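Below: the structure, in structure tokens.
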């Protein structure tokens with residue numbers, strides 16, 4: 114199941130980047146991020162809903178399939194269609210033809226290239242690490258919340274209801290996203306959007322994560338006994354809101370920065386996220402039992418507080434970092450060439 118689900122989880126962002134323009138692709142990416150986060154909160158119903166949706170998608174794929182989204186393939190198909198009635202074109206155009214790769218080529222594109230992007234691109238290394246840690250907190254809480262809410266009388270079964278607060282926090286991000294989407298659409302009418310224009314969600318999420326974790330750490334036993342369990346639940350909701358905001362903002366930034374390498378960039382991020390999601394629950398119970406809910410929560414909150422400077426660094430120096438990275442610079446040049454080609458085509462149509 115993990116091997117099968119890893120394929121769409123890796124390639125979906127590259128497909129979304131192909132299908133939507135930068136000004137509007139955030140809607141699709143946010144829906145994907147929200148569904149990934151809410152899935153954990155569904156509990157046992159996750160498998161039922163997942164099976165139903167997977168079966169419906171399989172039927173749709175079997176009946177009609179999905180249209181190709183890769184620009185190079187679409188261009189190749191268009192050239193073939195034109196040549197069928199106009200003859201062989203005098204101008205030769207190189208396109209990336211589809212082929213069945215050998216094992217060496219497969220390893221190069223599916224394993225080595227994502228690893229190169231992760232270790233050679235500071236943007237991917239930093240953002241993938243931050244987003245993976247933020248998302249992995251959800252899995253850490255599957256073990257930690259039992260310790261946190263046991264003094265309130267929560268049983269091993271009822272403490273899982275705390276994830277309802279986490280899910281509510283995620284859903285609360287929807288109106289925030291709608292406001293930012295409208296702002297970006299208006300801004301796109303007057304200027305070409307840059308990846309740094311979409312980093313606001315990271316700043317909002319980092320602030321909410323630090324505030325939520327501090328609130329949760331210092332309003333629970335054994336330090337405090339007089340505060341109702343609703344208060345740390347509010348902090349947990351803030352963490353849920355923050356997790357979604359951070360993953361959306363950083364995912365959107367990677368999609369805009371590594372246009373032609375978006376799938377490889379997300380393959381590196383998805384691998385790290387999967388590893389951390391599996392590792393965090395292994396030490397969560399010992400961490401919260403040995404250190405106590407207050408100290409353990411304060412450690413997480415302190416780390417989140419250090420992140421507050423990250424959005425401003427990317428906002429100010431993001432473009433310079435993109436110009437220095439090998440893959441980021443290639444993506445930037447390819448994007449600029451594509452924009453110039455579109456402008457030239459429009460100019461020829463006007464003439």
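Residue numbers (the numbering used here): 114 to 464. Quick reminder that beta carbons are idealized off the backbone N, C-alpha and C, glycines included. These figures come from a predicted structure and were not determined experimentally.
- With contact defined as three or more Cβ pairs closer than 8 angstroms, the segment 285-303 and the segment 393-407 are not in contact.
- With 16 or more other Cβ atoms inside 10 Å of its own Cβ, residue 260 counts as buried.
- The continuous alpha helix (DSSP H) containing residue 237 extends over residues 235-262.
- Straight-line measurement puts the Cα of residue 278 at about 16 angstroms from the Cα of residue 318.
- Counting along the chain, the unbroken alpha helix (DSSP H) around residue 325 starts and ends at 313-330.
- Residue 248 is a Cβ neighbour of residue 356, given a cutoff of 8 angstroms.
- Taking C-beta atoms under 8 angstroms as the contact rule, residue 228 and residue 441 fail to qualify, at a distance of about 16 angstroms.
- Rounded to the nearest angstrom, the gap between the Cα atoms of residue 334 and residue 406 is 7 angstroms.
- Counting other Cβ atoms within 10 Å of its Cβ, residue 386 reaches 16 or more and is therefore classed as buried.
- For residue 348, the three-state secondary structure derived from DSSP is helix.
- Along the segment 361-417, the alpha helix (DSSP H) occurs as fully enclosed runs of 4 or more residues at 375-404, listed in sequence order.
- Fewer than three Cβ pairs drawn from the segment 412-432 and the segment 266-274 lie within less than 8 angstroms of each other, which leaves the two stretches out of contact.
- Sorting 222, 162, 165 and 430 by C-alpha distance to the C-alpha of residue 379 places 222 at the top.
- Closest in C-alpha terms to residue 234, from the list 388, 165 and 431, comes 431.
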